[in-house]
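Count along the sequence shown from 1, add 8, and you get the number used in the working numbering.
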Amino acid sequence: MPNIKASILSVKSDAKRHAKNAAEKSRVRTASRRVLDAVEAGNAEEAKSLLNLACKTIDQAAANHVYHKNCAARKKSRLARKVNALK
Numbered sequence: 009m010p011n012i013k014a015s016i017l018s019v020k021s022d023a024k025r026h027a028k029n030a031a032e033k034s035r036v037r038t039a040s041r042r043v044l045d046a047v048e049a050g051n052a053e054e055a056k057s058l059l060n061l062a063c064k065t066i067d068q069a070a071a072n073h074v075y076h077k078n079c080a081a082r083k084k085s086r087l088a089r090k091v092n093a094l095k
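Written out as structure tokens, the structure reads:
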């Protein structure tokens, strides 16, 4: 544990930011996994509706600076390719 007051505050804020970012990333992974499960099951309609939710979740994470905008675009693109391959 640091002795300097600014370093102590930095450790606290880092922990708070890490918890927020980890929760946001977990939400994105869960949404992506649901889309992939629907794709593996061959359920095109469900996969398409879940893709919309996943894209929204990914965009929110990018807006909160958890992901870079290009990373978010790449994640959405990869999911969309898998959903579109069902058709």
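Ideal Cβ positions, reconstructed from N, Cα and C, are used throughout, including at glycine.
For residue 55 and residue 91, the rounded distance between their alpha carbons: 6 Å
Decide if residue 69 is buried, meaning its Cβ has at least 16 other Cβ atoms within 10 Å, or exposed. buried
Buried or exposed, going by whether 16 or more other CB atoms sit within 10 Å of the CB of residue 19? Within a 10 Å sphere around the beta-carbon of residue 19 sit fewer than 16 other beta-carbons, which makes this residue exposed.
Determine the burial state of residue 16: buried for a count of at least 16 other Cβ atoms within 10 Å of its Cβ, exposed for fewer. Exposed, because fewer than 16 other Cβ atoms sit within 10 Å of the Cβ of residue 16.
Per DSSP, what kind of secondary structure is residue 93 in: helix, strand or coil? coil
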